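Remarks on the structure that follows.
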Amino acid sequence: MPRIFVKNSRRGLHLKREYKNTEDEQVQKKISCAARLAANISSQVHSKDENLTSSDNNVAENCTPLRRSWSFDSESSESLPELEIEVVRLPGQFDPKIRNISGRRIIDISHFITEVRRLENHVCHVKPTGYLSFDREQKIGLHSKLFFKCAACGHSTSITTNKPDKSEPNANFLASWGALASGKGHFFLEEYLSLLDIPPLTKPTFLKYQQELGDSWNECLTDSIQAAGAEEYKLAVESNNMAEGNIGQCTVVVDGGWSHRSYGHRYTSKSGVACIIGKHTKQLLFIGVRNKYCSVCAISERKGEEVRRHKCFKNWSGSSPAMEADIIVEGFIHSQSMHNLQYTAFIADGDSSVHSKILEHVPYSRKIKKIECANHLTKNVTKHLHELAKESSANRKLLSSNRINYIGKSCRKLISIHARKSTPCVANLKHDLQNVVSHVFGNHRNCRAENCLKVGQCNENDFQKASTETQLRIMRIVGNLTSKADSLITDSTSNSAEQFMRQVAKFNSAKQTFYGRRNSFNIRCHGAGLAYQFGPRWMIEAFKHNINILASECASLVFLGTDKNLVESDDSDSEIENGKSNGTIWDQNITLALIDKFNENEAMFEKCLKKQVWNKIAKQLNKDFSSQKFNYKNVDSKWKFLKRTYKSIKLNNSKSDNNTYRWQYFSVMDSLFHKRPEITPPAICTGTSLAILNEEVSSNNEENKGPPSIIQQPENRKGETSRKRSLIGRHQNVNDRHREKMAKTDRFLEILEKL
């Protein structure tokens, strides 16, 4: 009958084993010659000791020594004594308490491996086979503490799934951060983690970390607003736009929003937010939140109980539409104390109550001028025309969707054209805006040659057949836009404020969930402010500012990777932005030297291989900066990055609705490339049609003095009207006939020369 090992005791090189009988047939099958061979090898090194007991010597004598000259085969194995296989239970294989835990856990992998290594250092002094078995788990949100205990000696220890160091953010803090940044709350986080089989955070734990995040974000946003105010004041000083007392003056953009969608008729929001943004820096200068509701006060009032002491976030008792004006007035009043600035002009939508409140309460209100947003005014024109078209079938036929959109686009285009002129003229803008309706319906008698190809033509059209009342109402709608031409001549928009409001909507779950019961709406508005101020890198900046550590490697790759071509700061930690590659660190001096070397050797790129020129530049850099190692690969890679970054920033800054990005090398690169055709492609304009030249102009084309080739615009451009396609096609046909005529003339001259 086979036996199973129970325990052992050592004395010198001898090992005394104790066994017990077992009925297991599987164990009997495992008895083999290899086990008997191992026993002989062990007995060969054994020698009798006087200190051993007689029983130990008897065990040793029963083991047949293995001679070196003896070879093991099947016949000799028959002479070996029958030995028993040793069966040992592996530590932890049958831990009963392991079944008490289930699911997955979030761990810091390097920290957890270190903790597990620490468990291996346990040595049981009572029982050699003693080991640390799992005892219990203590959970604090996503952070777990695992306790282990040795059943033999009673020693207990614990390990953690994440670093307990409070100077670093734990998983609970970061999970709450992620939920708020994605516009979600505790319910979403609970559902998400449950599907992953990860024990979720409790709601009190989530609210605790949400408050910590709110304090952190508020502090970071406050410092960012102060820095933006200092930059705006610096620009005011440089442009000599100063008032008495050395106070700067600037133009700002203002706008407000609510915690839910109004859809043009539901003005009952319990929370609202408004912002003031500098026109030149496009950075937040002020942000305010108003709340009409507090859950603690509301519950106590509903139960008829006395309100307990708490931090109340209810700070508004007026109407919801009045929130925006009150916040903006507060920002104007504190502009001098916060930034030493006076907001002498502001760009806003058509809300007239804001301007009246500012004139009523702001001390320096006599200097303040309102500039209408061009986008909102043209949008109002199309909105009222659509409303007019719904009144009757005749109006629907007269004001089709295409015509209404054409009127709106024509008005917006005229505003942009007049604003870009060197000497904008309000009178000319008024004339063109008044003539838009006639132009759209086919009357071109009053059109300007620079805006229309059919100057002087007039055909019978639908507008002349319409009733006098309808004609007057259409002209009155467009006349409201014309009356504000003095404000529209600057072509100013509130797009920067709209971008901030989009961030607010994102942080508040697209305004589908009400977060204004306590302070969650305030926290989310502050997070939206950070996202607007810093763009995709806002989380990295918040980490560095408040937590005083660098973000994780994964976060850096995600949030820096989305903005890697738009580099506006000098202290970025991204390797791409620092130009660190292949062990080479590109500081400011080396980068400027590279730009100078390229400028000196630029002509050689047309005569030699690029690799040869970059090798020459790399040798020059190695000579000037011996501490670094340069080769043609890293030099070429760095130059491509500089050129790509310059093009991205130049393209971004050329659009009026984007934030202006700053870069320390932009002015130097602009002096080299601002007139290059591959950076700014040339274009010609004939009438209202525009033909764009090929952006990729080779050196051969630059030397050619002949007329440049024109690329035909695609016929099926999205949003392009049939009228515009017809004009482009007609212009192309004229060019084709002209080229054919010139070709025939050339052939005729060749024939005459031969005669």
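If you use UniProt numbering, the sequence shown corresponds to residues 1 to 755, in order.
All residues carry an ideal CB built from backbone N, CA and C; glycine is no exception.
Note that the structure is a prediction, hence the values are computed from the model and not measured.
Span of the alpha helix (DSSP H) around residue i
| i | result |
| --- | --- |
| N480 | T468 to T482 |
| V436 | V436 to V440 |
| A348 | Segment L341 to A348 is the beta strand (DSSP E) holding A348; no alpha helix (DSSP H) there. |
| A510 | Run containing A510: none; DSSP gives neither H nor E here. |
| K650 | Y632 to N653 |
| S176 | A171 to A181 |
| Q464 | D462 to K465 |
| A199 | First, the residue type needs correcting, since residue 199 is Pro and not Ala in the sequence shown. Note, P199: premise wrong, no alpha helix (DSSP H); not H, not E. |
| T114 | I109 to L119 |
| F666 | F666 to F673 |
| A528 | S520 to F534 |
| residue 773 | Shown here, the chain extends from 1 to 755; a query on residue 773 therefore has no answer. |
| R540 | According to the sequence provided, residue 540 is Ile. The question's Arg does not apply to it. Looking at the DSSP string, the run of the alpha helix (DSSP H) that includes I540 is W538 to A542. |
Whole-angstrom distance between residue j and residue i, CA atom to CA atom
| i | j | result |
| --- | --- | --- |
| E447 | I287 | Before going on, a small fix: residue 447 reads as Cys here, not Glu. Taking the straight line joining both Cα atoms gives about 45 Å. |
| I98 | L195 | 22 Å |
| Q211 | Q138 | 24 Å |
| M323 | K270 | 10 Å |
| N405 | H526 | 37 Å |
| F641 | T482 | 47 Å |
| V668 | E600 | 14 Å |
| residue 767 | V237 | Since the first residue of the chain shown is 1 and the last is 755, residue 767 is not available in this structure. |
| H376 | P363 | 28 Å |
| S102 | A181 | 30 Å |
| I140 | A171 | 10 Å |
| T562 | P536 | Reliability fails at T562, whose pLDDT of 44 lies under 50, so the model's placement of it is uncertain and no value is given. |
| M604 | T161 | 60 Å |
| K357 | A274 | 14 Å |
| S637 | K184 | 41 Å |
| R662 | L749 | 58 Å |
| F514 | G272 | 11 Å |
| S319 | P199 | 43 Å |
| S422 | R473 | 34 Å |
| K311 | D670 | 54 Å |
| T457 | F441 | Note that residue 457 is Gln in the sequence shown, not Thr. Computed Cα separation, rounded: 12 Å. |
| H738 | F463 | 37 Å |
| T129 | P96 | 17 Å |
| residue 769 | H731 | In the structure as shown, the chain begins at 1 and stops at 755. Residue 769 is therefore absent and cannot be evaluated. |
| N589 | S654 | 28 Å |
| S365 | T490 | 21 Å |
| W639 | L594 | 8 Å |
Residue i: first and last residue of the uninterrupted beta strand (DSSP E) it sits in
| i | result |
| --- | --- |
| H143 | H143 to C150 |
| W258 | I247 to W258 |
| S158 | S156 to T160 |
| K139 | L132 to I140 |
| K369 | K369 to E372 |
Beta-carbon contacts of residue i that lie in its chain and below 7 Å, excluding the five residues immediately before and after
| i | result |
| --- | --- |
| residue 762 | In the structure as shown, the chain starts at 1 and stops at 755, and residue 762 therefore has no counterpart that could be examined. |
| L399 | L385, L388 and A389 |
| A175 | L142, L189 and L201 |
| H125 | C153 |
| E531 | Glu is not the amino acid found at residue 531; the sequence shown has Ala there. For A531, where only same-chain residues beyond five positions count, the Cβ hits under 7 Å are Q503 and W538. |
| N315 | R290 and N291 |
Proximal residues to residue i (C-beta, below 6 Å), its chain only, five neighbours per side dropped
| i | result |
| --- | --- |
| G529 | L221, L284 and I287 |
| H384 | I477 |
| residue 809 | For residue 809 there is no data in the structure shown, the boundaries of the chain being 1 and 755. |
| I276 | V252, V254, L285, F286 and G331 |
| H260 | S269 and K511 |
| F500 | C275 and Y532 |
| T157 | F148 |
| A449 | V455 |
| V307 | C297 and S300 |
| R355 | As written in the sequence, residue 355 is His, which differs from the Arg given in the question. So the list reads K370, once near-sequence residues are dropped. |
Own chain, CB closer than 8 Å to residue i, minus 5 neighbours either side, in chain order
| i | result |
| --- | --- |
| F173 | Y209, E212 and L213 |
| I159 | F112, E115, V116, R118, L119, K145, L146 and F148 |
heavy atom of the ligand SAM below 7 Å from residue i C-beta
| i | result |
| --- | --- |
| S438 | Judged by which ligands are present, the structure shown has none, so any question about the ligand SAM falls away. |
Assess, as a yes-or-no matter, whether the stretch 336-353 is touched by the stretch 368-387 under the definition of 3 or more beta carbon pairs within less than 8 Å.
Taking 8 Å as the limit for Cβ pairs, the verdict is that the stretch 336-353 does touch the stretch 368-387.
Taking the runs of the alpha helix (DSSP H) that are 4 residues or longer, which of them lie wholly in the stretch 584-628?
Runs of the alpha helix (DSSP H) lying entirely within the stretch 584-628 and spanning at least 4 residues, in chain order: 588-600 and 610-624.
Please confirm if the stretch 231-248 is in contact with the stretch 289-309, defined as three or more CB-CB distances below 8 Å between the two stretches.
The count of Cβ pairs closer than 8 Å, one atom from the stretch 231-248 and one from the stretch 289-309, stays below three, leaving the stretches out of contact.
For the 8 Å Cβ check, are there 3 or more pairs between the stretch 631-648 and the stretch 611-618?
Put simply, the stretch 631-648 touches the stretch 611-618. At least three CB pairs are less than 8 Å apart.
Taking three-plus beta-carbon pairs below 8 Å as touching, is the stretch 503-516 in contact with the stretch 431-449?
No: the two stretches stay apart, fewer than three of their Cβ pairs being nearer than 8 Å.
Would you check if the stretch 490-507 and the stretch 296-310 touch, i.e. whether three or more CB-CB distances between them fall below 8 Å?
Touching, no, given that fewer than three Cβ pairs across the two stretches are closer than 8 Å.
For the stretch 249-337, which segments carrying the alpha helix (DSSP H) assignment without a break, of at least 4 residues, lie completely within its bounds, in sequence order?
As far as the stretch 249-337 is concerned, its whole alpha helix (DSSP H) runs of at least 4 residues are 295-303 and 322-333.
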